[in-house]
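Working notes for the structure below.
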Amino acid sequence: MKFLSNSFPKGGLLVAIALLLCNFAFAQRTVKGKVTDSENGEGLIGATVSVVGTPRGSVTDIDGNYSVAVPDGATQLRFSYTGFTEQTITLAAANVVDVALVSGTKLDEVVVVGYGTLKSREITSSVARVKAEDFNKGNVVDVAQLLQGKVAGLTISRPGGDPNSFAQIRLRGLSTFGPNSSPLVVIDGVPGQNLNSIDPNDIETVDVLKDGSASAIYGTRGSSGVIIVTTKKGQAGKSAVTYSGLVSFDNIERKVNVLDGSRYVSLAGGSNLGANTNWLDEVTQTGKSQTHSMNLSGGTAATSYRATLSYRDVDGIARTSGFKQYNGTMSITQKAMSDRLNLSANFGINNRDADLGFADAFRYATIYNPTAPIKNANGSYYEIGGFEQFNPVAIIEQNTNKKNSNTYFGNLRAELKLFEGFSLSGFVNRSNELNKNAEFYSKTALFRSGNRGLARAEEFRSRNDLFETTANYGKKFGKLDFKALAGYSWQKFDYAGWLNQAGGVGVDNFGIDNFGAYADFKAGTATTTSYHNDNTLIAQFGRVNFNYDDTYFITGSLRREGSSRFGENNKWGLFPAVSGGIALDKLATIGGFNSLKLRAGFGVTGSIPPESYLSIAKVSPTGNAAYIDGGYLPAWGFSGTNANPDLKWETKSDINVGFDFALLDYKLTGSLEYYKSTVSDLIFEITANLPPNLGPTTWANVGKLENSGIELALSYAVNSKWTTSLAATKYFPTKLLEFYQNFKSQEYAVVGAPGQNSFFYQTVSVLDGENELGNFIAVDVARVGTDGKYVYHDATGAETTDLAKAGKINAGNGIPKYELGWTNTFTHGNWDAQIFLRSVLGHSLAHEFRAFYESLGDNNGWNKVDTKYFDANNKANNSYSSRTVEKADFLRLDNMTIGYTFKLPTDSWFTKARVFFNGQQLFTLTGYSGVDPSPRFVDAGPVDNGNREATVKSPLTPGIDRRNTYFTARTLNLGVNFGF
Amino acid sequence: MKNKFFFGKFLVAIVAICLLPLNSCTNLDETLYDKVPESNYFRDEAEVKSGVSQVYATLFGLNNHGGYFSTQEVNSNEVLYPQRGGDWEDGRQWLKTYQHVQDGSEDCFRGSWNWLFTGVANANWAIYNIGAASDKGNIDAAKGAGFVAEMRGLRALYYYWLLDTYGNVPIVDNYIQPAGFLPTSNTRAEVYAFVEKELTEISGSLSRDVGGANYARFNYYCAQFLLSKLYLNAQVYKGAAEWDKASAAANEIISSGKYSLNATYRDNFVTNNSGSKENILAVPYDKVFAQGFNLPQMTLHYESQKTFNLEAQPWNGVCTAQDFYNSVDAADARKVNFIAGPQFASDGVTGLVDPQVEAADPDGPGLNFTPEVNALFPNCLRQAGARIGKYEIALGSTPNLSNDAQVFRYADALLVKAEADARKAGDWSNAGTVALVNQVRTRSGMPAFTTLDADAFLKERSAELFYEGWRRSDLIRFGKFGEPTILRPTASGANKQLWPIPKTQINSNPNLGQNDGY
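Structure, rendered in structure tokens:
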């Protein structure tokens, strides 16, 4: 009971009565004091002081001082502060109460769960929290980078160094076939947000709901886990101004080596075009970036505010790639109605102007003839011409590819305390995202323009409207602490957009700004399309928490959710969850353990299909027109996929069992857990049976998937200067238990052109022993024979030179087996340092450059990649095989920071001054010969000859390193933080 | 119970909460913005016509790269997609199709099946919806019946192609089916009977107008042409000859006087060939409205872009088989079907050069289409093979030609009657046959026949109907389909005359049977 203060000291009742009597005499009084950290005596800013039994309260100022009006009858003050043990002080006559809070117990840390918070000790499901100080540092171009390697079970992969690409996020492996295999992002209570709509500097904490018992309260979309982002808010006390600035330099960390001109000509038999060009050097640069962020915050007991403005200007390592981003956020909190009503309003805008550039330049810089000159004598770009032949310098210098994104949101939350323990709240939010893409290809460009000029403009917007009401009740009944929540949520998503594309213009001046000038519009061959769709999610939900004597904990929740995307009879789904925990240390003294909690949970979550209107048969113009009655009459036909009114919720049920523990006087804390989940009625777009269907595909519930893993999180305070922590995950294979109708196995992921358009990387199968997802099925190449051709292993393992007799083997799996994140934090005097190493193990990658451009037998119009596997005797034809699938285990020094905080004189204008030096992705240890050994969780399919990558990416075939990976970058940062 | 009190309050709170957004509390209806629910369409004649237009528009896939037409042509060994080094390996689908060693896993057999049955499904969809519109009075019943007859005609055309290639396929003639319906294979004879019944039944309801508003529509003469083809191949399809019926059906067209041969062979294939009198059924391709005819992309070399100032670079794919090229007499005007020899830019004088030419090419880099195709795979030279010049390629063409593609041509109707009469008479040199053949032959500057035999007749058909999709069934009917060719030196068995049912369909529909030999 050492942290509890709800048991009165002996005689407490008498004191209370005495106080009560006193309070009859004093109608109201003001109590003041200072809240400090017991360890160092420093004031705690923003600690909460509440008058027990009333809605009154206050927060401490920057020095830890508070002042609170204590009304009649109130006898106790409760002091709480994140990361510190809460204390309740029974008031005596004195009007000054100073309190020293004790830190280090983590158990009282407040953790955000869906629609509320719980103390960490009360958590019975799998929830992990990352605080701002633990985030990855440096030039963060994607908010997901902050969390990389920090949470066991959360894999964040961002292959390549493209500043405009966003991470692939997987929580506890693959749990849906749909494109929405990333966790649901909830920012300040708004589900379904874009993680990158906020500035990284604004984030206070990130809570990750990992198991079904935690995320079931979000019902839909909870099945890939939930990431809850809480932004920083203003706090009462002195106003504060802070500034952070950063300058960064990016250089190529890893690239694919290729033959130089003379070797290309002599070994590969390439044409000698007379020049000697290092195409990789020609398309890359040192990326120079800068970031500035300023924020103002402050407030009084009744009103607090926070505002942030930030600017980042980032250049990538590919010439002409980068972005400029402006963020502005503002939050105001206001108390009213004798502090019973709490109103908060948040607004934010984010404007990003991106030069997407052309990742294709890396592809063609790798394979373009190294003896080709950049330009002809007359100044025009030298083009070899033909399939897959584009001068990479011409691609980036002649053409532009820009994107402008705007997100803005506004929300209002009102919370009314009706009586002690019971509150009602309402929340409305509107978030908008508007994206504009503008591409222009010069009239002199071969790439995508065919030397006639091509403009393409695209705009897509989305809107997310949310209305939510909740009721919260909490009460203590003796040793039983009871909390209950009930709520209703209505959310509507609206998507619309258009695209114009036209070619044929005599000048390069217009870009997308004068579409009327393009010949294709007159000719009728321009493309113009638009779309609009929406969908609604409605839910009723409730949750109860029981905490008996801080020893036994039970949480139960139920969400009934409906989605407009299903047919009439299948709209609603029920998502229950229950979890429980026992603080074993409360029941018996367990040797060495300061605390030990066993917990277990079960929960059901769901997924909706990625498109609307799937249950309805639709017609629309098909784009063609047949010759009817003497003229071309637009054809209207069946549109989209075959209607499936029987499509129903995909559900995932999972169990989670874990221990939370603290040892060595809380110096060593951690948790160990096991999970297993089964996804049923997987929603997937399958090839339809023809006959009788009209469309080629149907969205259907097609199968069953199983996933499991073990997670370990440890944190150890070695001494007062060094803390080390580890997040480790073991993933068991992802297994397909059932697949639709009669399909036992089916091939997916076409290798591509040239020459391998009917080869597939992987087989999705439910055959016994072959039902693991992510296996590469490849022809088993034994070695290069003396004649330079491949020698294969046949099915029996014997060698054969006949490809038709060659066996196919499982050449590796694209899904990682282990992931480790190891953080070390050091402080010494004014110095601080952080070293973060990350390792992902057990996965393989198909190195596609090698599958097309390594052997010397064919494809000699393109340069060859010169990895450790290059063999001048290899005269085989290029093809995907067991040779081109490589293990991609890696250990990366992901992040290293050294900082110095200046000791400031008391009369300084500054309150804080810190400088730091940071390096990101400093080195990578790996045997993988491609650019980036990071896992690839999704695949966009093959792209060739300058065509565009598919926008819908499949999670079914992980591990394919396609030929368009942006090279990885090493980033060095110099930063400052000032407080005023 | 002590707790009743607050649970009660809770309930009140929940009810209050739910009442707030009154009208939308549990409303999950869907609103369509950019499409129309099918149940809400076909409200008047214009909307019905737009649906009819869609069924015709499914034909636009006919001459698109890699589809049914390409598979027919390659399988007949008239043309081929050789593997040119790293290019056009395409999973060996073309190699296997050419060699008659396909197994049903190839993209082209899957794609052909899907396209043909998509045509059937679209026709069923239109037939159902036109019927429903007629029943509701949204369209004049007689007009509705006319449209339905046309749609049944197009469906019969798709089924004729299915009969000819896959043979034993399921007959599905109704759009509305129970959930999860998986059709069962019918025999080739049953499919034959279905096509015959459909064409016979609708003949009376089809228009006999030709050209103008009825151009490129499935009229009475289309039904007769298709019947003539059905009967001509009846021996193959159902094991019993129908020479009389074939001759009679073709004669319906000839004796109508509504069609005639164009002055020159080339007139049939020029860019502006719409409304040709020789044309019984055409796909009225247009670079804007009716896209999909991309022959120049499929056949021409990358550098040929400069010959025709094409908007997009061609793909250096399909070319003519050497033996077929040589079978057409040099003096025959129909040699215009092939593009061979040195190639020039659009100025006609600047020779084109292929910078990536193989060291092994004896001609060197100067672009020269040699009729000789050195290999089917793996290292066919980039410049090997006469290209397909059957249709005029207008200067500055986009990847979508505006030429109308021939499906049923009057010259073929003459040859069908000539053949049926000869086979019925047991005499290739009977006067009627020779006269009909000479009508076609002499137009192209070839001397008239006085006598004929089966080989000469087949050779005449070949020259006239190259790349019109008939070669495969002609060879089968003349018993020559399996005979070796230069690049397929091994004869193929009779059971390769039918195509394999695609594996994807066999796997997902247990009610489908596979053809013998696969």
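Keeping their order, the protein sequence lines are chains A and B.
Sequential numbering of the first sequence, starting at 7, is according to our numbering.
Sequential numbering of the second sequence, starting at 1309, is according to our numbering.
Even glycine gets a Cβ: it sits at the ideal position worked out from N, Cα and C.
*If you compare alpha carbons, which of B/Val1363, B/Lys1451, B/Lys1643 is closest to leucine 1424 of chain B?*
Reading the second sequence from its first residue, position 116 is the one you call residue 1424 of chain B. Out of B/Val1363, B/Lys1451, B/Lys1643, B/Val1363 has the C-alpha closest to the C-alpha of leucine 1424 of chain B.
| task | Give a yes or no on contact between the segment 1392-1403 of chain B and the segment 665-685 of chain A, applying the rule of three or more CB pairs nearer than 8 Å. | result | no
Helix or strand or just coil, what does DSSP make of phenylalanine 14 of chain A? As a first step, residue 14 of chain A is located in the first sequence; it is residue number 8 there, counting from the start. Interpretation of phenylalanine 14 of chain A is limited by its pLDDT of 34, a score under 50 that renders its predicted location unreliable; no figure is taken from the coordinates.
Legend entry - Cutoff 7 Å: glutamine 1362 of chain B Cβ touching any chain A Cβ: Along the second sequence, read from residue 1 onward, the residue named residue 1362 of chain B stands at position 54. Cβ-Cβ to chain A under 7 Å: yes for glutamine 1362 of chain B.
Q. Less than 7 Å separating the beta-carbons of asparagine 333 of chain A and asparagine 356 of chain A?
A. Working through the first sequence from its first residue, we reach residue 333 of chain A at position 327. Working through the first sequence from its first residue, we reach residue 356 of chain A at position 350. It is a contact, given that the beta carbons lie within the stated cut-off.
ask   = Whose CA, out of B/Gly1461, B/Ile1438, B/Leu1507, lies closest to the CA of alanine 1450 of chain B?
value = Here residue 1450 of chain B refers to the residue found at position 142 when the second sequence is read from its first residue. Nearest option by C-alpha distance: B/Ile1438.
*asked:* Just to check my reading of the structure: glutamate 744 of chain A and threonine 182 of chain A have Cβ atoms closer than 8 Å, yes? What is that Cβ distance to the nearest angstrom?
replied: Walking along the first sequence from the start, residue 744 of chain A turns up at place 738. Walking along the first sequence from the start, residue 182 of chain A turns up at place 176. Not quite, the Cβ-Cβ distance comes to about 15 Å (not below 8 Å), so this is no contact.
Tell me, which residues are paired with methionine 300 of chain A by DSSP?
Stepping through the first sequence from its first residue, residue 300 of chain A is reached at position 294. Looking at the DSSP assignment, methionine 300 of chain A forms a beta bridge with A/Tyr249, A/Leu315.
Exercise. Would you decide whether tryptophan 915 of chain A is buried or exposed? Buried here means 16 or more other CB atoms lie within 10 Å of its CB.
Key: The residue given as residue 915 of chain A occupies position 909 in the first sequence. Classification of tryptophan 915 of chain A: exposed, given that the 10 Å Cβ count is below 16.
Inset, instruction - Give me the Cα-Cα distance between leucine 910 of chain A and asparagine 836 of chain A, rounded to the nearest whole angstrom. - result: Numbered from its first residue, the first sequence carries residue 910 of chain A at position 904. Numbered from its first residue, the first sequence carries residue 836 of chain A at position 830. Rounded to whole angstroms, leucine 910 of chain A to asparagine 836 of chain A spans 11 Å at the Cα level.
Item to complete: Can you pull the chain B residues whose beta carbon is under 7 Å from the beta carbon of lysine 577 of chain A, in chain order?
Response: Taking the first residue of the first sequence as position 1, residue 577 of chain A is located at position 571. In chain order: Leu1336.
Q. Do leucine 847 of chain A and glycine 925 of chain A have their C-beta atoms closer together than 7 Å?
A. Counting from one through the first sequence, the residue named residue 847 of chain A turns up at place 841. Counting from one through the first sequence, the residue named residue 925 of chain A turns up at place 919. Against a cut-off of 7 Å, the Cβ pair of glycine 925 of chain A and leucine 847 of chain A comes out as no contact.
* Determine which residues of the segment 639-672 of chain A have a Cβ less than 7 Å from any Cβ of chain B, and write them out in chain order. => Leu639, Pro640, Ala641, Trp642, Gly643, Phe644, Ser645, Asp652
query = Hey, is leucine 1330 of chain B's beta-carbon within less than 7 Å of any beta-carbon in chain A?
reply = Taking the first residue of the second sequence as 1, we reach residue 1330 of chain B at position 22. Note that leucine 1330 of chain B has pLDDT 48, beneath the 50 cutoff, so the model's placement of it is unreliable and no number is given.
Work out the CA separation of proline 189 of chain A and lysine 1614 of chain B for me, nearest whole Å.
To locate residue 1614 of chain B, count along the second sequence from 1; it is residue 306. To locate residue 189 of chain A, count along the first sequence from 1; it is residue 183. Distance between the alpha carbons of lysine 1614 of chain B and proline 189 of chain A: 51 Å.
Look at the alpha carbon of aspartate 555 of chain A and the alpha carbon of proline 822 of chain A, and state the distance between them as a whole number of angstroms.
Sequence index remark: in the first sequence, residue 555 of chain A carries index 549 (1-based). Sequence index remark: in the first sequence, residue 822 of chain A carries index 816 (1-based). The alpha-carbon atoms of aspartate 555 of chain A and proline 822 of chain A are separated by roughly 42 Å.
query = If you follow the alpha helix (DSSP H) that isoleucine 1561 of chain B is part of, which residue opens it and which one closes it?
reply = For the purposes of this step, residue 1561 of chain B is identified with residue 253 of the second sequence, where counting begins at 1. Unbroken alpha helix (DSSP H) run through isoleucine 1561 of chain B: 1551-1564.
Return the residues of the segment 1706-1721 of chain B that lie within a Cβ-Cβ distance of less than 7 Å from chain A, sorted by chain order. Taking 7 Å as the Cβ-Cβ cut-off, the segment 1706-1721 of chain B approaches chain A at Thr1706, given in chain order.
In chain A, which residues lie less than 8 Å from lysine 1428 of chain B when you measure between Cβ atoms?
Against the second sequence, residue 1428 of chain B aligns to sequence position 120. The amino acid occupying residue 1428 of chain B in the given sequence is valine; lysine does not appear at that position. Neighbours of valine 1428 of chain B on chain A, chain order: Pro697.
Under 7 Å, do lysine 261 of chain A and phenylalanine 973 of chain A count as touching if we go by C-beta distance? Stepping through the first sequence from its first residue, residue 261 of chain A is reached at position 255. Stepping through the first sequence from its first residue, residue 973 of chain A is reached at position 967. Contact flag set, yes.
(request) Starting from serine 536 of chain A, follow the alpha helix (DSSP H) in both directions and report where the run begins and ends. (result) The residue labelled residue 536 of chain A in the question sits at position 530 within the first sequence. No alpha helix (DSSP H) holds serine 536 of chain A; the beta strand (DSSP E) holding it covers 533-554.
Keeping to the same chain, check which residues put their C-beta closer than 7 Å to that of leucine 639 of chain A; ignore five residues upstream and five downstream.
Along the first sequence, read from residue 1 onward, the residue named residue 639 of chain A stands at position 633. For leucine 639 of chain A, where only same-chain residues beyond five positions count, the Cβ hits under 7 Å are Ala631, Ala632.
Given that histidine 538 of chain A touches chain B, what residues does it touch there, using C-beta distances under 7 Å? As a position in the first sequence, residue 538 of chain A is number 532, starting the count at 1. Histidine 538 of chain A reaches chain B at Tyr1341, Asp1342, counting residues in chain order whose Cβ is nearer than 7 Å.
From isoleucine 1447 of chain B to arginine 1351 of chain B, what does the alpha carbon distance come to, in whole angstroms?
Walking along the second sequence from the start, residue 1447 of chain B turns up at place 139. Walking along the second sequence from the start, residue 1351 of chain B turns up at place 43. Using only the alpha carbons, I get a separation of about 8 Å.
Between isoleucine 390 of chain A and chain B, is the shortest Cβ-Cβ distance under 7 Å, so that the two count as touching?
For the purposes of this step, residue 390 of chain A is taken as the residue at position 384 of the first sequence. With a threshold of 7 Å between beta carbons, isoleucine 390 of chain A makes contact with chain B.
Leaving out five residues on either side along the sequence, give the residues of the same chain with a beta carbon under 7 Å from the beta carbon of valine 569 of chain A.
If you number the first sequence from 1, residue 569 of chain A lands on position 563. For the sequence presented, residue 569 of chain A should be read as serine rather than valine. Only Thr226, Asn541, Leu543, Lys577, Ile614 meet the Cβ criterion.
Going by DSSP, what residues sit across from isoleucine 209 of chain A in a beta bridge? Residue numbering aside, residue 209 of chain A sits at position 203 when the first sequence is read from its first letter. In DSSP, isoleucine 209 of chain A forms a bridge with A/Thr237.
- Query: Across which residues does DSSP place cysteine 1627 of chain B in a beta bridge pair?
  - Reply: Numbered from its first residue, the second sequence carries residue 1627 of chain B at position 319. DSSP, once it has assigned bridges, lists B/Leu1388 as partnering cysteine 1627 of chain B.
Would you decide whether valine 724 of chain A is buried or exposed? Buried here means 16 or more other CB atoms lie within 10 Å of its CB.
For the purposes of this step, residue 724 of chain A is taken as residue 718 along the first sequence, with counting starting at 1. Its Cβ having fewer than 16 others within 10 Å, valine 724 of chain A is exposed.
Cut-off 6 Å between Cβ atoms - residues of its own chain near asparagine 1422 of chain B, not counting five sequence neighbours on either side
As a working note, residue 1422 of chain B is residue 114 in the second sequence. Same-chain partners within the cutoff: there are none.
- Does any residue of chain B bring its CB to less than 7 Å from the CB of tyrosine 554 of chain A? For the purposes of this step, residue 554 of chain A is taken as the residue at position 548 of the first sequence. No - not a single Cβ of chain B is within 7 Å of the one on tyrosine 554 of chain A.
Please confirm if leucine 700 of chain A has its CB atom under 7 Å from at least one CB of chain B.
Your numbering for residue 700 of chain A matches position 694 in the first sequence. Cβ-Cβ to chain B under 7 Å: yes for leucine 700 of chain A.
Inset, instruction - Please go through the same chain and pick out, in chain order, the residues whose beta-carbon is closer than 6 Å to the beta-carbon of lysine 710 of chain A, but skip the five residues on each side of it. - result: Within the first sequence, the letter at position 704 stands for residue 710 of chain A. Here the set comprises Ser686, Leu743, Glu744.
What is the DSSP secondary structure of glutamate 288 of chain A, counted as helix, strand or coil?
As a working note, residue 288 of chain A is residue 282 in the first sequence. In this structure, glutamate 288 of chain A counts as helix in the three-state DSSP scheme.
Exercise. Can you name, in chain order, every residue of its own chain whose Cβ lies under 8 Å from the Cβ of isoleucine 1814 of chain B, other than the five neighbours on each side?
Worked result: On the second sequence, residue 1814 of chain B is found 506 positions in, with the first residue counted as 1. Result list for isoleucine 1814 of chain B: Gly1412, Leu1820, Gln1822, in chain order.
Count the other C-beta atoms from every protein chain shown that fall within 10 angstroms of the C-beta of phenylalanine 483 of chain A, then say buried if there are 16 or more, exposed otherwise.
-> Position 477 of the first sequence holds residue 483 of chain A. By the 10 Å Cβ count, phenylalanine 483 of chain A comes out exposed.
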